[in-house]
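What follows is a set of notes on a single structure, which appears directly below.
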Amino acid sequence: MATPLTASRLVAALRAEGCRVHEVSGWRTNNRNHKGPWGPVNGVVVHHTVTGPGTDVVSLVYHGHSALPGPLATACITKDGTVHMTGNGRANHAGGGDPDVLAAVINESYGSYPPPTHEHDGSPGSVDGNARFYGWECENKGDGRDPWPRVQYAAMVKATAAVCRAHGWSAKSAIGHLEWSDWKPDPRGFDMKDFRSDLAACLRLPAGAWEGDDDPMPQYVNLGIADPYQLRPGVWDSIEFTTEWTDEPGDHGRGGSVFVRGPARFTGSLSLRLDDLPAGCVVQARMSEYEGSDHRADHPVHETTATSGGSFAVVPLTKRIGSGRGMRIRLLNQADVPVTVTRAVLTVLVWEEG
Numbered sequence: 371m372a373t374p375l376t377a378s379r380l381v382a383a384l385r386a387e388g389c390r391v392h393e394v395s396g397w398r399t400n401n402r403n404h405k406g407p408w409g410p411v412n413g414v415v416v417h418h419t420v421t422g423p424g425t426d427v428v429s430l431v432y433h434g435h436s437a438l439p440g441p442l443a444t445a446c447i448t449k450d451g452t453v454h455m456t457g458n459g460r461a462n463h464a465g466g467g468d469p470d471v472l473a474a475v476i477n478e479s480y481g482s483y484p485p486p487t488h489e490h491d492g493s494p495g496s497v498d499g500n501a502r503f504y505g506w507e508c509e510n511k512g513d514g515r516d517p518w519p520r521v522q523y524a525a526m527v528k529a530t531a532a533v534c535r536a537h538g539w540s541a542k543s544a545i546g547h548l549e550w551s552d553w554k555p556d557p558r559g560f561d562m563k564d565f566r567s568d569l570a571a572c573l574r575l576p577a578g579a580w581e582g583d584d585d586p587m588p589q590y591v592n593l594g595i596a597d598p599y600q601l602r603p604g605v606w607d608s609i610e611f612t613t614e615w616t617d618e619p620g621d622h623g624r625g626g627s628v629f630v631r632g633p634a635r636f637t638g639s640l641s642l643r644l645d646d647l648p649a650g651c652v653v654q655a656r657m658s659e660y661e662g663s664d665h666r667a668d669h670p671v672h673e674t675t676a677t678s679g680g681s682f683a684v685v686p687l688t689k690r691i692g693s694g695r696g697m698r699i700r701l702l703n704q705a706d707v708p709v710t711v712t713r714a715v716l717t718v719l720v721w722e723e724g
């Protein structure tokens, strides 16, 4: 058991571990301490948010919603690896859980997993997890298919290590929500046994030394269009990828144009089929960088000149993109008539950078 860290000590520990920390305005006094005790603390609970594109996930975790007031966690860890501080004290994240699990965490006495949980919030034998655990809400759709970007996962490990190191805890003081309450599914997409293994590796090193890049394999992105569409004459138009076969970095919003977000480097290609393009006419393709919806930069043009029948092109895609930017592919139809984009298949390998 331990006395909770002060806000200043918590932020210092996170930064010493190498976390990128954003202090949301007012977080140091945002808590649920008036509803129950905060401490003694025994560990960290990892959650996923079950939020999709367009959600202001940090605001949601800070404020909560009509059914559950905020803060919903100590911090929200977003896809880009930023640790957004949202609460200092008791938060509505863990709820009631199993006392056998709490005892195993306190004693750090279990093997690969804590004992099976048989209690949940409101059940007669449950214990108050909001008093005993720090909580990370980690941005993810949470359906088991939404990949975890390496930079986000590494931030989750390092943030947990910061708390464990500050309290002198081992990796067995970190559990998933599904290990605390018998009806919770989160976090999905990775195994808490593997998470604790990475956490233990982090804790064996000095603070800030673990980089989280021990997996050198690139991540795979394979996108396409579900149906043909018309490309108007004389207008640069972003390809909206409406089919997503694989998006391991998780950077492509459903039906969106962005296929990779920085900081990252990537290599691959875009395969195109164009119909109704008159012979001798040209369609240009180029990569373009955006910050949100704002166009920031263009890369060199690749031209496809039509022959009789359908026209085919393979556009090379190899670049490095900086932090905060998303890469799209835009097409320009230089003919005087609409052109049908019958096929657009993107395949790239992505290396995320810190």
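Going by the working numbering, the first residue of the sequence shown is number 371, and it counts up by one from there. All residues carry an ideal CB built from backbone N, CA and C; glycine is no exception.
- DSSP places Q704 in no beta strand (DSSP E); its state is neither H nor E.
- Counting the other CB atoms within 10 Å of its CB gives F503 a total of 16 or more, which places it among the buried residues.
- The stretch 472 to 480 makes no contact with the stretch 435 to 443, as fewer than three CB pairs between them are under 8 Å.
- The beta-carbon distance between V684 and S639, rounded to whole angstroms, is 5 Å. This is short enough to meet the 8 Å contact definition.
- Taken atom to atom, the span from the alpha-carbon of A649 to that of K449 is near 45 Å.
- Taking 9 Å as the cut-off, the beta carbon of R698 is found closer than this to the beta carbon of S608.
- Counting C-beta atoms within 10 angstroms of its own C-beta, L575 has fewer than 16 neighbours from the protein chains shown and is therefore classed as exposed.
- By the 16-neighbour rule on beta-carbons within 10 angstroms, G546 is buried.
- Scanning the stretch 658 to 724 from its first residue to its last, no whole alpha helix (DSSP H) run of 4-plus residues comes out.
- For the set D498, G499, E509, P469, the Cα lying nearest the Cα of T487 is the one of P469.
- Straight across, the Cα-Cα distance linking C534 with S543 is about 7 Å.
- Cβ neighbours of G451 within its own chain (closer than 7 Å, five residues either side excluded): R390, V521, Q522, A524, A525.
- Within the same chain, and ignoring the five residues on either side of S482 in sequence, the residues whose Cβ sits closer than 7 Å to its Cβ are K563.
- Distance from the CA of L442 to the CA of E509, rounded to the nearest whole angstrom, comes to 13 Å.
- In the structure shown, H490 adopts coil according to DSSP, grouped into three states.
- The closest CA to that of T421, considering only E393, G499, V653, G620, is found on G620.
- Per DSSP, I609 has no beta bridge partner at all.
- Residue burial annotation: R624 is exposed, with fewer than 16 other C-beta atoms found within 10 angstroms of its C-beta.
- Every alpha helix (DSSP H) stretch that sits fully inside the stretch 398 to 484 and reaches 4 residues is listed by chain position as 427 to 433, 469 to 477.
- Taking E393 as the centre and dropping the five residues before and after it, the same chain places the C-beta of M455 closer than 6 Å to its C-beta, in chain order.
- Burial state of E722 is buried, judged by a 10 Å Cβ sphere holding 16 or more other Cβ atoms.
- As the crow flies, the alpha-carbon of H672 is around 41 Å from that of R558.
- E661 counts as exposed, since fewer than 16 other C-beta atoms from the protein chains shown sit within 10 angstroms of its C-beta.
- For the 9 Å CB-CB criterion, L647 and A705 form a contact.
- Under the three-state reduction of DSSP, E549 is assigned to helix.
- Pairing V718 with P407, the inter-Cα distance amounts to about 50 Å.
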